[in-house]
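UniProt numbering numbers the first residue of the sequence shown as 1 and each following residue consecutively. Backbone N, C-alpha and C define an ideal beta-carbon position, used for all residues, glycine too. Structure, as structure tokens:
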Amino acid sequence: MIEVWRGGLLESYHAGHAVICDDKGEVIEAWGDPGAVVYPRSSAKMLQALPLIETGAADAFGLKEAQLAFACASHIGQGFHVKMAEAWVKGLGLSEADLRCGAHEPSDKIERDRLIAAGERPCQFHNNCSGKHSGFLTVTKHLGAGPEYVEIDHPLQKAIVQAMAEVTGEEAAGWGVDGCSAPNFALTVAGMARAMGRFAGASGEGDARDRAMFRLASAMRAFPEMVSGDTGADTELMRAMDGRVALKGGAEAYHIAIIPELKRGIALKIVDGGARASDAVMVALLVRLGVLDANHPAAKKRLNAVQKNWRGIETGVLKLAEGFL
1 MIEVWRGGLL ESYHAGHAVI CDDKGEVIEA WGDPGAVVYP RSSAKMLQAL PLIETGAADA
61 FGLKEAQLAF ACASHIGQGF HVKMAEAWVK GLGLSEADLR CGAHEPSDKI ERDRLIAAGE
121 RPCQFHNNCS GKHSGFLTVT KHLGAGPEYV EIDHPLQKAI VQAMAEVTGE EAAGWGVDGC
181 SAPNFALTVA GMARAMGRFA GASGEGDARD RAMFRLASAM RAFPEMVSGD TGADTELMRA
241 MDGRVALKGG AEAYHIAIIP ELKRGIALKI VDGGARASDA VMVALLVRLG VLDANHPAAK
301 KRLNAVQKNW RGIETGVLKL AEGFL
């Protein structure tokens, strides 16, 4: 799908799978193997957030639209991300210790440097999945369930498994433990694209599932900074499309798109896990579908991007492989 050239020679390439589905779940276009079974990782967060709305937990605790977007986030730990996670959890009458995502240094350099200067250690609010876990805690408290909400037999995880099966149209092929300790369920790329197509077709005027999908995708498009952060690929690209599309990347080069105006959903996986390639392929598909300007800086930064060294000398280019698209 993607090639990297240096000095007129092919240096590296990235293979992958990609599927575009409509709102009925039908495959419109596909590349690679649509039936490839892989973990969608954080690209599945809007599926994992369905019980947050469908159980009534979001409304019971008066969650705002920005919080719904944050529940689908893989953020970089900017100050406003950390503050939202902290306020959300404390608003539930809980504490940072109730989270089960673990602590890590924030990707945001400003917040990282602030912690160092203050002699502070990062906490679980800095975790890039703290928004998802804040949503998990909200459902857990609403259901009166036990505190170990990341265990596979917890009522929350059972609700997630059921919702995912219904929206993707398939049973999970298996599960593994994600970086944030929550279960992640293996699905076909086509199944994820089918789910994204259904999110794209949600009107907000149908049944409970339709309304939940509509609210989550709308929140992501309205608050792109909550989804990844000001320097994140998802945020930059959603802003480039003026909030017309919801994007969500996942670890190991998974990526999805929800395009309401076209009622199309995209799922893609780069086999070697290279995120530079998943970003480039997503840009190419969005341009192909007419929702992203190929000349926008956010697009040019990721596709047909000139590679430069530390002295600013042009060394090569990252581009689509010949014959792909």
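| query | result |
| --- | --- |
| Would you kindly report the start and end of the unbroken alpha helix (DSSP H) that includes L115? | K109 to A118 |
| Residues in its own chain within less than 8 Å of N184 by CB, not counting five upstream and five downstream? | Y39, P40, R41, A44, W175, G176, V177 and D178 |
| Can you tell me which of P106, A103, R112 and L92 puts its alpha carbon nearest to the alpha carbon of L137? | L92 |
| Does the stretch 275-283 come close enough to the stretch 93-108 that 3 or more CB-CB pairs lie under 8 Å? | no |
| Would you check if the stretch 49-64 and the stretch 149-163 touch, i.e. whether three or more CB-CB distances between them fall below 8 Å? | yes |
| Less than 8 Å between the CB atoms is what I'm expecting for P224 and R209, so what's the real figure, rounded? | About 24 Å separates the two Cβ atoms, so there is no contact after all. |
| Just to confirm, is the Cβ distance from L68 to R221 under 8 Å? | no |
| If you check the beta carbons only, do E3 and K319 fall under 8 Å apart? | yes |
| With a threshold of 16 other CB atoms inside 10 Å of the CB of E26, please say whether the residue is buried or exposed. | exposed |
| If I measure Cβ to Cβ from A60 and keep anything under 8 Å in the same chain, skipping five residues before and after, which residues do I get? | H142 |
| Is it a yes or a no for the stretch 254-269 touching the stretch 183-197, going by three-plus beta-carbon pairs under 8 Å? | yes |
| From D293 to M241, what distance separates their C-alpha atoms? | 8 Å |
| Any idea what DSSP makes of P155, helix, strand or coil? | helix |
| Please classify A253: does DSSP put it in a helix, a strand, or coil? | coil |
| Just list the residues that DSSP pairs W31 with in beta bridges. | A18 |
| Taking only the alpha-carbon atoms, compute the straight-line gap between G102 and K90 and give it to the nearest angstrom. | 17 Å |
| Can you look up F324 in the DSSP assignment and give me helix, strand or coil? | coil |
| Between L99, P122, R264 and E151, which has its C-alpha nearest H133's C-alpha? | L99 |
| Please say whether V317 and A298 have beta carbons closer to each other than 8 Å? | no |
| According to the Cβ coordinates, are T188 and P34 closer than 8 Å? | yes |
| Can you grab the Cα-Cα spacing for the pair W31 / A182, in whole Å? | 30 Å |
| Taking 8 Å as the threshold (C-beta atoms), are F70 and M226 in contact? | yes |
| Within the continuous alpha helix (DSSP H) that includes V139, where are the two ends? | S130 to L143 |
| Quick check on Q124: does DSSP put it in helix, strand or coil? | helix |
| Quick one: residues in its chain with C-beta nearer than 6 Å to the C-beta of V37, no 5 flanking neighbours on either side, listed in chain order? | A173, A186 and T188 |
| Rounded to the nearest angstrom, what separates E170 and L115 at their Cα positions? | 44 Å |
| Work out the CA separation of T315 and R302 for me, nearest whole Å. | 16 Å |
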